[in-house]
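Following: one structure in structure tokens, then a few remarks.
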Amino acid sequence: MLNTFTPLLAGVPPVAEPSWRRPMPWVLTVWSASGTGGREAHQVSGKIHAEIRLIRSDLEPEVEAFLNIQRTAELHIGQLTQLLRPHGLSPAQYNVLRILRGAGTRGLPCGEIATRMISRDPDITRLIDRMEQRGWVARTRSTLDRRVVTVTAMAPALEILEQLDAPVSALHKSQFAVLDAERILTLISLLEELR
Numbered sequence: 019m020l021n022t023f024t025p026l027l028a029g030v031p032p033v034a035e036p037s038w039r040r041p042m043p044w045v046l047t048v049w050s051a052s053g054t055g056g057r058e059a060h061q062v063s064g065k066i067h068a069e070i071r072l073i074r075s076d077l078e079p080e081v082e083a084f085l086n087i088q089r090t091a092e093l094h095i096g097q098l099t100q101l102l103r104p105h106g107l108s109p110a111q112y113n114v115l116r117i118l119r120g121a122g123t124r125g126l127p128c129g130e131i132a133t134r135m136i137s138r139d140p141d142i143t144r145l146i147d148r149m150e151q152r153g154w155v156a157r158t159r160s161t162l163d164r165r166v167v168t169v170t171a172m173a174p175a176l177e178i179l180e181q182l183d184a185p186v187s188a189l190h191k192s193q194f195a196v197l198d199a200e201r202i203l204t205l206i207s208l209l210e211e212l213r
């Protein structure tokens, strides 16, 4: 089976679905709180077990949930990385450019960009340096407070973002195609509760 978003990647050959993504018939025991204050065992499908070749079969539901979130995020970010690669962008750079596009011509200070990042980059200054060298962003020092450096997105970067808008949207639609709108809203709500 091929990833459904691969036709959107002009010039990028389709990638076959990795073996760990293929469904395997696993059932495992998970534990949940019982009404008596103890823990009860439940049998559930444990796709994560097959994917990471986990030997233990008695994962607590919280552990399995965490592993599933981490594995799903890694898969989806990998697909985004593949989509961005032909444009010379990393997911972190793409995130910065989207933040700056939203800020408009006034731009944002580096610290504010770092605060808004989806995945924190420990060295936002170096990330901005690399983007400035490529002509994607410009920095200006404030005349009121010389310590404040404002970053703005340049026209070439905004053009790249415009080219990527439809393919990224299509990618996200394909990533969540197995869920109807109601289940997507439920997923969003559950993930927000966890934060």
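Position in the sequence shown counted from 1, then plus 18, gives you my numbering. All C-beta atoms in this analysis are idealised placements derived from N, C-alpha and C, irrespective of residue type, glycine included.
- [ ] Determine the DSSP secondary structure at V186, reduced to helix, strand or coil.
- [x] Taken through DSSP and simplified to helix, strand or coil, V186 comes out as helix.
Open item on the list: So, for S207: in the same chain, excluding its five sequence neighbours on each side, which residues have a beta-carbon less than 8 angstroms away from its beta-carbon?
Closed with: Here the set comprises nothing.
TODO: Quick one: residues in its chain with C-beta nearer than 8 angstroms to the C-beta of L162, no 5 flanking neighbours on either side, listed in chain order?
DONE: Spatial neighbours of L162 in its own chain (CB-CB distance under 8 angstroms, excluding positions within 5 residues in sequence) are not present.
Open item on the list: What does the alpha-carbon distance come out to for the pair P140 and V114?
Closed with: Taking the straight line joining both Cα atoms gives about 13 angstroms.
Open item on the list: With H, G and I counted as helix, E and B as strand and the rest as coil, what does DSSP make of T161?
Closed with: Note: T161 maps to coil in three-state DSSP.
Task: Inter-stretch contact at 8 angstroms, needing at least 3 Cβ pairs: the stretch 79-89 / the stretch 151-170 - done: Three or more beta-carbon pairs separated by less than 8 angstroms are not found between the stretch 79-89 and the stretch 151-170, which leaves the two stretches without contact.
Open item on the list: Tell me the rounded alpha-carbon separation between L118 and R201.
Closed with: The C-alpha of R201 is placed about 31 angstroms away from the C-alpha of L118.
TODO: Count the C-beta pairs between the stretch 89-99 and the stretch 188-197 that are closer than 8 angstroms, then say yes if the count reaches three, no if not.
DONE: With a cut-off of 8 angstroms on Cβ pairs, the stretch 89-99 is in contact with the stretch 188-197, counting three or more such pairs.
TODO: Could you tell me which of L93, P127 and L182 sits nearest to R164, measuring between CA atoms?
DONE: When only C-alpha atoms are compared, the closest one is P127.
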